[in-house]
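Add 4 to the 1-based position in the first sequence for our numbering, that's all there is to it.
Cβ coordinates follow ideal geometry from the N, Cα and C atoms, glycine included.
Below you'll find the structure, written out as structure tokens, and then a few comments.
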Amino acid sequence: MPNVQLPDGAVKEYPAGATAIDVARDISERLAQSTVAVDINGFIADATRPLDELSDADPIPVKLLTNRDSEALGVLRHSCAHVMARAVMRLYEGVGLAFGPTTGNGFYYDFDLEQPISEEDFPRIEAEMQAIIKDAEPFERFVLPRDEAVQLVSDLDQELKTEHIANGLADHPTLSFYRQGEFVDLCRGPHIPDAGRIKAFKLISVAGSYWKGDAKNKQLQRLYGTAFFDKKDLKRYLEQVEEAKRRDHRVLGKQHHLFSIANEVGQGLCLWLPKGATVRVLLEDFIKKELLRRGYDPVYSPHIGRAELYETSGHFPYYRDSQFPPLFGHPAGQLVDYWKQRLDADDLNEDTERDFLAAAADMGVEFEGYSAAGSREEKLAALRKWERQQERYLLKPMNCPHHVEIYQSQPRSYRELPVRLAEFGTVYRHEQSGELNGMLRVRGLTQDDAHLFCTSEQVEQEFSDTLDLVKFVLQSVGLDDYRIQLSLREPDSDKYVGDPGLWDRAEGTLRNVLSGSGLEFNECEGEAAFYGPKADFMVRDCLGREWQLGTVQLDYNLPERFNLEYVGADNAPHRPVMIHRAPFGSMERFVGMLIEHFAAAFPLWLAPEQVRLLGLNDDMLSYAQEIESKFKQAGFRTSIDTRSANIKKKIRDAQLDLIPYMLVVGPKDRDQGGVSVRDRIEGDLGFMTTEAALKKLTEERDHRTIRQVVKSNFEGLGSDTEEGHEY
RNA sequence: GCUGCUGUAGCUCAGUCGGUAGAGCGCGUCCUUGGUAAGGACGAGGUCGUGGGUUCAAGUCCCACCAGCAGCUCCA
5 MPNVQLPDGA VKEYPAGATA IDVARDISER LAQSTVAVDI NGFIADATRP LDELSDADPI
65 PVKLLTNRDS EALGVLRHSC AHVMARAVMR LYEGVGLAFG PTTGNGFYYD FDLEQPISEE
125 DFPRIEAEMQ AIIKDAEPFE RFVLPRDEAV QLVSDLDQEL KTEHIANGLA DHPTLSFYRQ
185 GEFVDLCRGP HIPDAGRIKA FKLISVAGSY WKGDAKNKQL QRLYGTAFFD KKDLKRYLEQ
245 VEEAKRRDHR VLGKQHHLFS IANEVGQGLC LWLPKGATVR VLLEDFIKKE LLRRGYDPVY
305 SPHIGRAELY ETSGHFPYYR DSQFPPLFGH PAGQLVDYWK QRLDADDLNE DTERDFLAAA
365 ADMGVEFEGY SAAGSREEKL AALRKWERQQ ERYLLKPMNC PHHVEIYQSQ PRSYRELPVR
425 LAEFGTVYRH EQSGELNGML RVRGLTQDDA HLFCTSEQVE QEFSDTLDLV KFVLQSVGLD
485 DYRIQLSLRE PDSDKYVGDP GLWDRAEGTL RNVLSGSGLE FNECEGEAAF YGPKADFMVR
545 DCLGREWQLG TVQLDYNLPE RFNLEYVGAD NAPHRPVMIH RAPFGSMERF VGMLIEHFAA
605 AFPLWLAPEQ VRLLGLNDDM LSYAQEIESK FKQAGFRTSI DTRSANIKKK IRDAQLDLIP
665 YMLVVGPKDR DQGGVSVRDR IEGDLGFMTT EAALKKLTEE RDHRTIRQVV KSNFEGLGSD
725 TEEGHEY
């Protein structure tokens with residue numbers, strides 16, 4: 005006879021086998037109707053399962069999840085994925101089921117299906133889903149021992165599920181299934197009580213995916229959809245998606261001449277047009293001033309460096325695949341590089357080796373110590389030896405090694421630490437072509453980078469000051485909604501360099517400072533950089549979308565690799581600690597994000613063109629020039645619309661160009677020594693003297709006032725990362 | 001990188017069955033000289049992503065490459 009405790013503290017005894025629905029019905033029939041799942045100490049389960057089966061606690065802490073709880077939405081969506089899979093199986097022959105989890109915004113299901121599904125098929129599938137929902141059949145859970153589970157999926161001809169039970173679920177002695185009518189699926193659950201609870205759903209898109217996310221595996225068809233408890237919510241979500249599309253920085257960037265990516269220049273290589281460059285320069289100038297105030301020293305470093313530098317740092321071996329290939333001074337360089345890779349992979353037969361040797365000889369190269377009869381290691385050593393004698397450069401993929409060399413350029417005393425070296429450093433990364441995305445993912449990018457070298461006693465203070473800097477710059481552009489992701493290593497992985505002890509220390513330091521900072525943060529294992537843990541700023545824009553922008557990283561490893569030292573008070577050498585940090589992240593990504601956040605309508609201080617003078621007729625030109633020069637004097641970016649169009653047309657065009665202030669000048673304004681001010685947001689503000697207008701605009705600019713960013717009333721677009729409900 | 005879709009004027013797009021290219025916006029010139037979101041007329045502008053192939057004939061059909069988009073995978 006289980007005792008149940010509800011969140012208000014009330015405890016009541018129920019008969020054995022009572023379910024969450026029974027508990028809800030005990031309160032009201034209406035609550036029973038809207039209860040979709042149950043939360044027991046954070047464990048979410050079917051509302052139709054006996055509570056005494058779910059928990060041994062006494063009393064059992066029960067929280068009923070209704071269609072108002074966000075956790076319930078995930079349950080609903082996963083059930084909708086089952087409904088979709090059921091509909092697809094009714095409409096197509098030989099459907100293989102893969103995975104069908106929920107995402108932040110909906111759900112998907114991966115199908116192994118010969119026949120391609122296209123968006124034209126959606127109405128048909130949706131109609132079938134609607135029919136299933138109308139039948140409102142229950143989702144029934146049942147559990148089978150392993151061998152019976154294997155038998156069942158094999159009887160159902162579900163090969164992928166069979167494979168998954170064998171490999172992915174090897175340690176599960178029993179497996180749960182959900183049945184809905186003729187549809188049976190291996191599933192961890194939980195599910196809503198019956199399909200009738202799905203009130204609003206929509207198929208969104210179809211795309212390719214791979215079994216278990218591995219490109220070597222079978223290609224599957226992924227059908228995306230979303231579902232809500234309420235039609236209104238679905239409508240609002242779809243509007244939000246439309247709004248996000250409308251703000252696409254690639255579209256707005258073209259329309260407002262902010263940047264362009266020209267075929268002739270190359271994939272992922274961004275051209276900053278004058279207007280976009282203006283926004284960037286303003287941000288750079290702003291942060292440069294702040295850095296001087298905070299004790300940073302400016303440095304510059306070249307765009308390329310010797311490959312050995314990045315071999316020492318670890319970047320070259322670690323990220324080889326996503327770097328531009330090395331630049332060689334000798335024509336045989338490429339050959340040797342390729343040769344080494346083949347040897348490394350133990351993939352070089354005698355014929356190929358003979359060809360390589362002949363080609364090298366043809367270029368006048370002999371490798372000291374290389375013998376066809378020698379061991380792989382001896383051959384590699386000989387090739388490396390030759391290579392080290394050659395010019396071999398890399399486009400720099402990171403600024404840190406260069407800054408490390410600047411630190412190394414003179415002996416350092418503890419008295420001069422911390423040393424803070426800052427540079428807007430341009431780096432090049434050969435991102436996979438499918439990853440490129442406007443300014444958000446490019447192959448040449450400029451980081452607002454800096455490296456701090458300090459003693460281990462100074463780390464906490466420096467790290468904390470850096471967090472403060474990031475907060476300050478985000479605030480300056482009106483981004484005040486963010487959380488911090490503390491990215492830690494995965495303890496048993498070999499992806500990371502350095503001593504586990506140093507890692508523990510670094511992770512502990514970050515956790516300490518973040519805990520004391522009052523900032524919202526969560527920990528994420530396996531997300532660290534290969535050399536150290538990091539704190540990433542996840543910033544929410546006005547649509548509630550999260551962007552990873554600024555980052556602060558703690559690094560005990562590079563100082564080790566480069567043998568960095570300073571002389572301590574004890575006159576002995578000590579190893580400094582490094583902090584990598586970039587408040588904006590990259591200028592490309594940051595400006596791209598700002599374009600979407602502001603929908604290209606930048607606040608006055610960032611607007612490429614702040615003021616446009618609109619003459620009422622052609623006779624006003626000289627007066628307009630007179631006013632313009634006063635605004636230019638005051639540092640405003642201005643222009644005059646000299647076309648002989650009428651004022652309505654000039655205003656419309658300025659409005660569409662998102663000019664913050666339009667100054668209309670006609671005979672009346674000239675006679676009174678002023679201008680008619682039109683605000684992009686408020687509209688006509690009427691006549692002002694030139695001095696009054698200047699004062700108003702100067703104030704708004706210098707305070708970096710942010711206007712016209714309407715926060716979405718929607719809960720926000722979630723991330724599209726997988727959330728669960730699958731085994 | 002993989003799978004699918006797309007590539008026509010500066011921009012957004014139309015172009016039927018293979019028969020040598022069209023609109024709107026923008027731009028230029030002229031007319032208009034006006035008080036807060038489109039005044040009018042005329043005009044310039046295209047080797048149809050690139051290279052091959054099929055054909056009497058290719059923007060249109062086929063192949064390869066380049067680039068973009070969506071998704072997957074990746075992100076120091």
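Next item on the list: Output the distance between the C-alpha atoms of Lys499 and Met133, rounded to the nearest integer angstrom.
Entry: The straight-line gap from Cα to Cα measures roughly 44 Å.
Check: Would you say Ala199 and Ala135 are within 7 Å of each other, going by their C-beta atoms?
Finding: No, Cβ-Cβ distance for Ala199 and Ala135 is not below 7 Å.
Note to self: So, with DSSP's three-state summary, where would you put Gln345?
What the structure shows: helix
Notebook entry, point to check: Val581 to Leu456, Cα distance in whole Å?
Noted result: 8 Å
Check: Is the region 53 to 63 in contact with the region 95 to 102, if contact means three or more CB pairs nearer than 8 Å?
Finding: no
Item checked: Cut-off 7 Å between Cβ atoms - residues of its own chain near Leu164, not counting five sequence neighbours on either side -> Gly100, Leu101, Ala102, Asp116 and Trp215
Next item on the list: Return yes when the Cβ of Val556 is within less than 7 Å of the Cβ of Ala539, no when it is not.
Entry: For Ala539 and Val556, yes; Cβs fall inside 7 Å.
Margin query: I need the DSSP call for Phe233, collapsed to helix, strand or coil.
Written below: coil
Check: How would you call Asp645, buried or exposed, if buried means at least 16 neighbouring beta carbons within 10 angstroms?
Finding: Classification of Asp645: buried, given that the 10 Å Cβ count is 16 or more.
Next item on the list: Grab me the residues of Ile710's own chain with a C-beta within less than 8 Å of its C-beta, minus the 5 sequence neighbours each way, in chain order.
Entry: Val481, Gly482 and Pro607
Next item on the list: Could you tell me the boundaries of the beta strand (DSSP E) in which Gln259 lies?
Entry: Run containing Gln259: none in the beta strand (DSSP E); it sits in the alpha helix (DSSP H), His253 to Gln259.
Notebook entry, point to check: Smallest Cα separation from Ile631: which of Phe594, Phe263, Thr694 and Pro664?
Noted result: Thr694
Next item on the list: Tell me, please, which residues DSSP counts as bridged to Thr178.
Entry: Beta-bridge annotation (DSSP): Thr178 is paired with Pro149.
Notebook entry, point to check: Alpha carbon to alpha carbon, what distance is there between Leu558 and Ala41?
Noted result: 42 Å
Check: At what residue ranges does the region 54 to 142 contain a whole run of the beta strand (DSSP E), taking only runs of 3 or more?
Finding: The region 54 to 142 contains, as complete beta strand (DSSP E) runs of 3+ residues, the segments 67 to 70 and 110 to 116 (chain order).
Check: Is there contact here, the region 378 to 392 with the region 248 to 257, by at least three beta-carbon pairs under 8 Å?
Finding: no
Checklist line | Cβ-Cβ distance between Ser83 and His195 below 7 Å | finding: yes
Margin query: Which same chain residues end up closer than 8 Å to Ala20 when comparing Cβ atoms and leaving out the 5 residues on each side of it in sequence?
Written below: So the qualifying residues of the chain are Met5, Pro6, Pro54 and Asp56.
Check: With DSSP run on the structure shown, which of helix, strand or coil describes Phe594?
Finding: Of the three classes helix, strand and coil, the one that applies to Phe594 here is helix, per DSSP.
Notebook entry, point to check: When we look at the beta-carbon of His260 and count the other beta-carbons within 10 Å, is it buried (16 or more) or exposed?
Noted result: buried
Check: Going by C-alpha distance, which of Leu617, Gly193, Phe232 and Phe691 is nearest Leu77?
Finding: Phe232
Check: Could you give the distance in angstroms between the alpha-carbon of Trp343 and the alpha-carbon of Phe360?
Finding: The alpha-carbon atoms of Trp343 and Phe360 are separated by roughly 8 Å.
Notebook entry, point to check: For Asp289, which of helix, strand or coil comes out of DSSP?
Noted result: Of the three classes helix, strand and coil, the one that applies to Asp289 here is helix, per DSSP.
Next item on the list: Go ahead and pull the three-state DSSP assignment for Asp545.
Entry: In this structure, Asp545 counts as coil in the three-state DSSP scheme.
Next item on the list: Would you list the residues sitting across from Glu370 in a DSSP beta bridge?
Entry: Partner(s): none; Glu370 has no beta bridge.
Item checked: Distance between Met402 and Asp484 (C-alpha atoms, nearest Å) -> The alpha-carbon atoms of Asp484 and Met402 are separated by roughly 29 Å.
Check: If Pro577 and Ala611 are in contact, beta carbons under 8 Å, what's the gap, nearest whole angstrom?
Finding: Not really, about 52 Å apart at Cβ, beyond 8 Å.
Next item on the list: Count the other CB atoms, across all protein chains shown, that sit within 10 Å of the CB of Glu511; report buried if there are 16 or more and exposed otherwise.
Entry: buried
Notebook entry, point to check: From which residue to which residue does the alpha helix (DSSP H) around Tyr322 run?
Noted result: It spans His319 to Tyr323 - the alpha helix (DSSP H) in which Tyr322 sits, taken as one unbroken run.
Margin query: Comparing C-alpha positions only, which one of Asp348, Pro63, Glu354 and Asp218 sits nearest to Glu381?
Written below: Per the Cα distances, Asp348.
Note to self: Taking 7 Å as the limit between beta carbons, can you name the residues of its chain near Ser755, skipping five residues before and five after?
What the structure shows: Here the chain covers residues 5 to 731 and nothing more, so residue 755 does not appear.
Notebook entry, point to check: Are the beta-carbon atoms of Cys274 and Glu592 separated by less than 7 Å?
Noted result: A contact, by the Cβ cut-off of 7 Å.
Note to self: With the cut-off set at 7 Å, would you say Asp673 and Val679 are in Cβ contact?
What the structure shows: yes
Checklist line | Paired residues, beta bridge with Asp351 - DSSP | finding: Per DSSP, none; premise fails for Asp351.
Next item on the list: Report the three-state DSSP secondary structure of Asp733 (helix, strand or coil).
Entry: Nothing about residue 733 can be read from this structure; the chain reaches only from 5 to 731.
Note to self: Determine whether the beta carbon atoms of Pro563 and Leu492 lie at a separation below 7 Å.
What the structure shows: no
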